[in-house]
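Chains as they are written, first to last, in the numbering used here: chain D, 3 to 175; chain F, 15 to 136.
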């Protein structure tokens, strides 16, 4: 009887281990960030792309409107891919697009904008990547949706696509 | 000559204390960076990585330490931005209870079984 109980305990333990490892197989072994955690907009000073002067981030997001913050760079190939979609999103009047130029050469960035068009209301400079860290980003391209209460409500890692564009449009409706 | 000597002593002692403080800050910075995960690399800490992400985190950590912010506050800042996953040594909270307590429970259970068997055998 005692032997049977021991075997049962071992069996239950093995099933427990198997379930945990089996569930773990489905988990990706690379970092997958949480994309819908609501966070407050960080507060810091940042350089403007056109005037090269320091401005408060609160002034950039001053209007009571939805905002998109898009982190981009001229050397980033996926940024080129998503750019036409940003141009399309720019036509929507209920949202403002802010660009954060990430670790880029300013002349190359200007060429990029002249060549592909400027979808942004304002472009900010993040020369050393520290401003992107303040937003919780870890690379380019990355896009944040900011609501009227100045909360980051969605984070899109990688280039945006038509599906994401529809999602953004449905949120800001 | 006496004044010059006093100035020299003050200058040397100030330089030494600055050097010591820089060394202390560097040690703290390296300790923090070794405990921060590079989120875009596989199995590398920010300290070991040369990626853009790691370089930005290194700059931020350096800035925070120079501002006099404590180690725990730096971890809190990074956790706020990237979640618990970014720190190799997770703190005890509702998401990590099992992680911290399961080994202890298993140890106690094993000890109890062992003790019971030994007492029973006697």
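Glycine residues also receive a C-beta, built at the ideal position from the N, C-alpha and C atoms.
These figures come from a predicted structure and were not determined experimentally.
Assuming contact is defined by CB atoms lying nearer than 8 Å, are residue i and residue j in contact in what I supplied?
i, j, result
"residue 72 of chain D", "residue 101 of chain D", "yes"
"residue 167 of chain D", "residue 155 of chain D", "no"
"residue 140 of chain D", "residue 134 of chain F", "no"
"residue 98 of chain F", "residue 109 of chain F", "yes"
Determine the direct distance from the alpha carbon of residue j to that of residue i, and round the result to whole angstroms.
i, j, result
"residue 60 of chain D", "residue 116 of chain D", "27 Å"
"residue 29 of chain F", "residue 53 of chain F", "38 Å"
"residue 77 of chain D", "residue 19 of chain F", "57 Å"
"residue 97 of chain D", "residue 50 of chain D", "20 Å"
"residue 90 of chain F", "residue 42 of chain D", "15 Å"
"residue 127 of chain F", "residue 15 of chain D", "15 Å"
"residue 52 of chain D", "residue 125 of chain D", "7 Å"
"residue 82 of chain F", "residue 8 of chain D", "57 Å"
"residue 63 of chain F", "residue 56 of chain F", "10 Å"
"residue 125 of chain F", "residue 116 of chain F", "14 Å"
Over the uninterrupted beta strand (DSSP E) stretch that includes residue i, give me the two end residues.
i, result
"residue 133 of chain F", "That residue, residue 133 of chain F, is in no beta strand (DSSP E); its alpha helix (DSSP H) goes 111-135."
"residue 159 of chain D", "153-159"
"residue 100 of chain F", "Unbroken run through residue 100 of chain F: none, as it is neither H nor E."
"residue 126 of chain D", "124-128"
"residue 145 of chain D", "144-148"
"residue 73 of chain D", "68-74"
"residue 97 of chain D", "97-104"
I believe residue i touches residue j by the beta-carbon criterion, under 8 Å. Please report the beta-carbon distance rounded to the nearest angstrom.
i, j, result
"residue 26 of chain F", "residue 47 of chain F", "That belief does not hold up - the Cβ atoms of residue 26 of chain F and residue 47 of chain F are roughly 31 Å apart, past 8 Å."
"residue 128 of chain D", "residue 73 of chain F", "No, residue 128 of chain D and residue 73 of chain F are not in contact; Cβ-Cβ is about 11 Å, not under 8 Å."
"residue 80 of chain D", "residue 160 of chain D", "7 Å"
In the DSSP assignment, the alpha helix (DSSP H) including residue i goes from what residue to what residue?
i, result
"residue 44 of chain F", "16-48"
| task | Give the residues from the region 63-97 of chain F that approach chain D closer than 7 Å (Cβ to any Cβ), ordered along the chain. | result | 66, 67, 69, 70, 71, 73, 74, 95, 96, 97
| said: If the cut-off is 8 Å on Cβ atoms, which residues from the region 42-54 of chain F count as contacting chain D, listed in chain order? | reply: 51, 53, 54
| query | Using a Cβ cut-off of 7 Å, which residues of the region 136-152 of chain D contact any Cβ in chain F, in chain order? | reply | 138, 140, 141
| Got a sec: which bits of the region 105-131 of chain D sit with their beta carbon under 7 Å from any beta carbon on chain F, in order along the chain? | 105, 130, 131
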